[in-house]
Structures are given as C-alpha cells and as structure tokens.
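Worksheet: one structure, shown below.
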Amino acid sequence: MADNIVSSSASEKTEKVGIGAYVALIFAVILFSGVFYKMPEGQKWLGALDFTTLIGSFGTIADSKNNFTGSGGISARAGFLFSLNLIPGVMLAMGLIEVLAHYGALRAAQVLLTPLLKPLLGVPGYCGLALITDLQSTDGGAALTRALYDEGRITTKNLVTIAAWQYAGAGCVSNYYSTVSALFAFFLCPVWLPVIVILVLKFAGGALIRFVLNTLYKKDFENA
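Once you know that position 94 of the sequence shown is 94 in full-length UniProt numbering, the rest is easy, because the numbers rise by one and skip nothing.
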C-alpha cells in the first residue's frame, strides 16, 4: 500500500498542472460546495451548477406525501429501499468526479490544498475534493474517499482522519439551508455564522482524531 502511494505521488509531481486543471477544480468547488444552492428569484438558473439541484428528488405516488420508499417500513426491506434512494446521488457524484479528475481537478487540488490540509489534517491535497463533496452529499463524499483509498492515494490513517472530518456535520450545507432555513427569521446572528462554526469544528474534530492516531494508536498505524 505504501509503495503504491509513493509511486502515485511521485508520478503526480511530474505531471504539469495547466490552467485547465485549475478551471476544473474551480468548477468542482462551485458544484459541490453549495455556493449556488437555494438561489433567490431571478438567479435560480444558477442552481443548474449545484450538485444538490442536479440530483433532484423523487416524485410522490398519487396524492401521497411519500415517495416510493413509503413510510413505516422496518427491517431489511426498509433498509433496501433506503439504499436505493442513495444510489442516484452516489452515481452522479462519482461520475462528475471522474470527469473532473480527467481534466486535472485532482492534480490542481493536490498543488493548492496540500499546504493547507497537510498541516491541519495530515492528508494530501486531493482529499480536498472529498471534503468539499461532503458539504452537500454525505454519500458522494464517502464514495470519493473510498475511491481514493482503493486507488492507493491515501493511507488507512488518512482514511480515518477524513472519515472523522466528514462525520461531524455531514452534508451540512444542503441540510442547513433546506431544513434550518425555516428558522432563519428567528436567528440572532448572521445566517452564515453557524455554517462557519460547523466547518471550524469539523477541522477541529479531524485534527483531534489525527492527534489520537499519532499518540494513543501510533503502533496500530505504523504501517498503515
């Protein structure tokens, strides 16, 4: 595993990162960060550049308020239908990431985000796309993280640290602006402030887990 990571990192350093790669990275950030989520009237067309908008939603059956998963399901059958509900988002996220990676988004993220993520979380820069994706889609972020691990781009220690970052406030942008928006009128602080607090705490949680892995569980991850 370590040899694969070293060889892949060395090959990426030799590849030149052009303007197109940075454009692909910027598009990825816009797509997955929720910048154009819930746009006001007159600017709703910008929602076409938002991941959550592109996923869409299932319709309802007849006059029911429920989609095909229904309500009140239990056990394995309910779990199976719930998993089907997740598939479109994961497939769309992975497809978009593959296209963006083809145009160099991962290489650009490696160059730009490594100086930030390496000291904070101890992970390489291309993990930034997995973190950004998690802001809107927990499933897409998890799928991209798994893909990075399977390709040998990150270690087991990186995987645990990223999972800790994603677990706290997963999908916070889409969940916050869709669920909490009904309470915006009662806020005593700017509506963007809680999102900033969530992001800061996500980094704090990831850094804490990294510290624990490097101290209490150091022996367990020496070769991971």
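Cβ coordinates follow ideal geometry from the N, Cα and C atoms, glycine included.
With a contact defined as Cβ atoms closer than 8 Å, GLY104 and ASP134 miss out at about 21 Å. Taking a cut-off of 8 Å for Cβ pairs, the region 108-122 and the region 195-206 touch, as three or more such pairs fall below it. Of the candidates ASN67, ASN223, SER57, ASN223 places its Cα closest to the Cα of LYS157. For TYR149, the enclosing alpha helix (DSSP H) covers residues 138-150. Looking at LEU49, ASN67, ALA48, the one whose alpha-carbon comes closest to that of SER57 is ASN67. Taking the Cα of ALA101 as reference, the smallest distance to any Cα among ILE209, LEU25, GLY125 is reached at LEU25.
In the assembly as shown, PHE187 is an exposed residue. Its beta-carbon has fewer than 16 other beta-carbons within 10 Å. The beta carbon of PRO190 lies closer than 8 Å to none in the same chain, with the five residues before and after it left out. Secondary structure note for ASP134: its alpha helix (DSSP H) is the uninterrupted segment 127-134. Around the Cβ of TRP45, a 10 Å sphere holds fewer than 16 other Cβ atoms; the residue is exposed.
Annotated as proximal: LEU106 and LEU129, with beta-carbon spacing under 8 Å.
Rounded to whole angstroms, the Cβ separation of PHE36 and ASP50 is 4 Å, and the two are in contact under 8 Å. In terms of Cα proximity to MET94, the closest of LEU131, ALA143, THR52 is ALA143. Counting C-beta atoms within 10 angstroms of its own C-beta, THR161 has 16 or more neighbours from the protein chains shown and is therefore classed as buried.
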